[in-house]
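> The structure is given below, and queries will be raised subsequently.
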Amino acid sequence: MVMNPDFDAALLAGVPEGKKALMLCRSGVRSMAAALRATELGLQAYNVLEGFEGELDQHGHRNRLGGWRFYGLPWQQG
3 MVMNPDFDAA LLAGVPEGKK ALMLCRSGVR SMAAALRATE LGLQAYNVLE
53 GFEGELDQHG HRNRLGGWRF YGLPWQQG
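Residue 3 is where the sequence shown starts when you use my numbering, and the numbers rise one by one after that.
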């Protein structure tokens, strides 16, 4: 994983005081790291478990074992 040197500053500038930060990525791995860092910076942050597409299945495919999309939670392709 490549670290963004501007992550801390962008996160602190983008989350209003007193608001929660919800982190979501494809599989939940990067968002977990982001949520942990946000917490270290003093924010109230949460990771969305399993990410958007979930883990790989036995054939190496996503969207079949979990994740936001698999569970039918709201999303829109933009």
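Ideal Cβ placement from N, Cα and C applies to all residues, glycine included.
Since the model is a prediction, treat every value here as computed from it, not as a measurement.
(1) Secondary structure at L43, three-state DSSP: helix, strand or coil?
(2) Let me check understanding here. Comparing Cα to Cα, which of E42, Q60 and A23 lies closest to V50?
(3) Starting from L14 and walking both ways along the alpha helix (DSSP H), at which residues does that stretch end?
(4) With distances taken Cα to Cα, identify the nearest neighbour of G69 among S33, L43, D10 and L45.
(5) Could you tell me which residues DSSP pairs with M25 in its beta bridges?
Judging by the given coordinates:
(1) Taking the sequence shown and counting its residues from 1, one reaches residue 43 at position 41. Three-state result, L43: coil.
(2) As a working note, residue 50 is residue 48 in the sequence shown. Considering only alpha carbons, the answer is A23.
(3) Within the sequence shown, residue 14 is the residue found at index 12, counting from 1. First-last of the alpha helix (DSSP H) with L14: F9 to G16.
(4) Position 67 of the sequence shown, counted from the start, is the residue given in the question as residue 69. Out of S33, L43, D10 and L45, S33 has the C-alpha closest to the C-alpha of G69.
(5) Looking up residue 25 in the sequence shown gives position 23. Its beta-bridge partners are N49.
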